[in-house]
Amino acid sequence: MVPQRVLADELRQHIIAGEFAPGSRLSESALAERFDVSRNTLREAFRVLSEQGLVEHIPHRGVSVASPTIADVVDIYRVRRVIECTALRESEPEHPAVQRMRQALAEAEEHLPAEDWQRVGSANMAFHLAIVDLADSPRLARTYSDVAAELRLAFLKIDDPRSLHEPFVRKNRAVLTALVERGPQAAADELERYLIASERSVLGAFARMGNG
């Protein structure tokens, strides 16, 4: 039998990979059979995912994948600015996480010509996870991981991956260049402008789709 925490992690990966669309209902019977677990174990996994903001229980309708709203997006970006910009502002350019930023950026740039938006998006997210790792705080990293997963759900609602990922590969390059050549404060300023532009892009897409 799969432990509920392991099951929750596995379901989380399937959700943020887009296998289950935002707002879609999760069938207890089908998932229990698929993962060979009891319904009690599955419900415990759902509880963990609910705490992470990835699923929601709707009375009389069961459990569904969360569907972020405009208000959720605003709050997600508020948290991103606090965590990422602070981590970058107080960072050391020689920190080992800077190399992970380079690697993630190189991967995104590698897949950009082929317009492999799933890999570009994953690499972009890895870049920002590396920024948070500059803070050397496991608690911040855990918090940010949950926020990043919710952001992926918001991205999945938008049927225009190019607009989400292509411009921000260049902006990631600008952030890294600023860190290496001009220091942490310049990089944090660059990142704040980046996040404001990214938030506006996502909110604009939500507004066009009529998402509240």
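Numbering (full-length UniProt numbering), first residue to last: 1 to 212. We treat Cβ as the ideally placed atom computed from N, Cα and C, and that holds for glycine.
For the region 82-96 against the region 182-189, do three or more pairs of beta-carbon atoms, one drawn from each stretch, fall closer than 8 Å, so that the two count as touching? yes
For I58: DSSP bridge partner residues: Reading the sequence shown from its first residue, position 58 is the one you call residue 58. Its beta-bridge partners are G62.
Flag this pair as yes or no: are the beta carbons of W117 and R173 separated by less than 8 Å? As a working note, residue 117 is residue 117 in the sequence shown. As a working note, residue 173 is residue 173 in the sequence shown. Cβ atoms of W117 and R173: not closer than 8 Å.
Own chain partners of F206 with C-beta closer than 7 Å, once the 5 adjacent residues on each side are dropped: As a first step, residue 206 is located in the sequence shown; it is residue number 206 there, counting from the start. Excluding positions up to five away in sequence, the list reads I70, V73.
With a Cβ-Cβ cutoff of 8 Å, do S29 and V65 count as a contact? For this step, residue 29 is matched to residue 29 along the sequence shown. For this step, residue 65 is matched to residue 65 along the sequence shown. Contact: no.
Pick from H57, E190, V6 that is closest to S27, judged by C-alpha positions: If you number the sequence shown from 1, residue 27 lands on position 27. The shortest Cα separation from S27 among H57, E190, V6 belongs to H57.
What residues match up with L26 in a beta bridge as DSSP calls it? Residue 26 sits at position 26 when you count from the first residue of the sequence shown. L26 pairs with V63.
S91 by DSSP, collapsed to three states: which one? Taking the sequence shown and counting its residues from 1, the one referred to as residue 91 is at position 91. Coil.
Tell me the rounded alpha-carbon separation between G62 and S201. Position 62 of the sequence shown holds residue 62. Position 201 of the sequence shown holds residue 201. Taking the straight line from one Cα to the other gives about 32 Å.
Classify Q52 as helix, strand or coil using the three-state DSSP reduction. Here residue 52 refers to the residue found at position 52 of the sequence shown. DSSP places Q52 in coil when its eight states are reduced to three.
Helix or strand or just coil, what does DSSP make of K157? Within the sequence shown, numbered from 1, the residue matching residue 157 stands at position 157. Looking at K157 - three-state DSSP - the assignment turns out to be coil, as it is neither helix nor strand.
S198 - DSSP class collapsed to helix/strand/coil: Within the sequence shown, numbered from 1, the residue matching residue 198 stands at position 198. In the three-state DSSP reduction, S198 falls in the helix class (H, G or I).
Which residue from I15, D159, V147 puts its Cα closest to that of A45? For this step, residue 45 is matched to residue 45 along the sequence shown. Measuring from the Cα of A45, the nearest candidate turns out to be I15.
Taking the straight line between their C-alpha atoms, what separation do you get for V180 and E10? On the sequence shown, position 180 is the one that residue 180 refers to. On the sequence shown, position 10 is the one that residue 10 refers to. Distance between the alpha carbons of V180 and E10 is about 36 Å.
Given E166 as reference, the closest of A188, I131, A108, D133 once Cα atoms are compared: One-based indexing of the sequence shown puts residue 166 at position 166. Minimum Cα distance to E166 is reached at A108.
Where does residue 213 fall in DSSP's three states? The question about residue 213 has no answer, for the chain in this structure spans 1 to 212.
Cut-off 7 Å between Cβ atoms - residues of its own chain near N124, not counting five sequence neighbours on either side: Translated into positions along the sequence shown, residue 124 becomes position 124. If we look at N124 and ignore the five residues flanking it on each side, its Cβ neighbours are A108, H165, F168, V169, N172.
Contiguous alpha helix (DSSP H) assignments of at least 4 residues, all confined to the region 123-167: 138-156
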